[in-house]
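Notes to accompany the following structure.
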Amino acid sequence: MRNASCFRCGGQYLDHECEQPAKKCLRCGLDVHHIAFCAHNRQAICDLSNERWLRHMHRARRNAFIARRLKEESEALLERHMELLDLNSTDPVD
Numbered sequence: 533m534r535n536a537s538c539f540r541c542g543g544q545y546l547d548h549e550c551e552q553p554a555k556k557c558l559r560c561g562l563d564v565h566h567i568a569f570c571a572h573n574r575q576a577i578c579d580l581s582n583e584r585w586l587r588h589m590h591r592a593r594r595n596a597f598i599a600r601r602l603k604e605e606s607e608a609l610l611e612r613h614m615e616l617l618d619l620n621s622t623d624p625v626d
């Protein structure tokens, strides 16, 4: 057996070999990693090498940044649509 752990479920295989469906992390709420490998849970992943942990942390931060940016963009778009609806509803109808 390999000395590897799946980021999705914690099993003793690589994450691309995992047959478990992708789930959200219970710690941070982001997709596709097990709580044991959450970048916000350093104590639980102390068995990873420091370099591997830093790569994982960088990827988690990048994904969080992208998710935050997408949320902001969708909220701005929704706000703009709501403003347009308000303008259309206040236009006098002849």
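Adding 532 to a residue's 1-based position in the sequence shown gives its number in my numbering.
For glycine and all other residues, C-beta sits at the position ideal for the given N, C-alpha and C.
For clarity, every value in this text was computed on a predicted model and none was experimentally measured.
With a 10 Å radius around the Cβ and a threshold of 16 neighbouring Cβ atoms, residue 606 comes out exposed. A distance of 9 Å or more separates the beta carbons of residue 557 and residue 541.
At the C-beta level, residue 550 and residue 543 come within 9 Å of one another. With a threshold of 16 other beta carbon atoms within 10 Å, residue 537 meets it and is buried. In chain order, 567, 570, 572 and 573 place their CB closer than 8 Å to the CB of residue 559, counting only its own chain and leaving out the 5 sequence neighbours on each side.
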